[in-house]
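Undergrad: Before I ask anything, here is the structure I am working with.
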Amino acid sequence: MLLFLFSNYLTKSFEAWLKRKLIAQFIFFKLRWFKSSLDLAYLIVDKLKLLRNISICESCKSKRNLESFKLAGYF
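Here you go:
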């Protein structure tokens, strides 16, 4: 009887631990996905700003600014 109660206690505590672990992994996955999508959004905005600056440089025919972009490794 005592062995049954002890094994029942261990089973319930293991199930509770497993549920907590699965919930924590799910939350961590969602946060990681949110962070990666936020990083992607910042990357897209930075590239759009860069393209805007390059088009301004090309429109005013400023070859020196365009060359500085090339030297900086943006192309």
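Here the sequence shown stands for residues 8 to 82, where the numbers follow the working numbering.
Beta carbons are placed, not taken as given, at the ideal position from N, Cα and C, and that holds for glycine.
None of the values given here were measured: they were computed from a predicted structure.
1) Quick one: what's got a C-beta closer than 6 Å to T18's C-beta in the same chain, skipping five residues either side?
2) Whole angstroms is fine: what's the gap from L50's alpha carbon to K56's?
3) Just how far apart, CA to CA, sit K37 and A48?
4) Could you tell me the distance, in whole angstroms, from the CA atom of L25 to the CA atom of A31?
TA: Taking the structure as given:
1) For the purposes of this step, residue 18 is taken as the residue at position 11 of the sequence shown. Contacts found: none.
2) Locating residue 50 in the sequence shown gives position 43, counting from the first residue. Locating residue 56 in the sequence shown gives position 49, counting from the first residue. Rounded to the nearest angstrom, the two C-alpha atoms are 10 Å apart.
3) As a position in the sequence shown, residue 37 is number 30, starting the count at 1. As a position in the sequence shown, residue 48 is number 41, starting the count at 1. Answer to the nearest angstrom: the Cα atoms are 16 Å apart.
4) One-based indexing of the sequence shown puts residue 25 at position 18. One-based indexing of the sequence shown puts residue 31 at position 24. L25 and A31 have their C-alpha atoms spaced approximately 10 Å apart.
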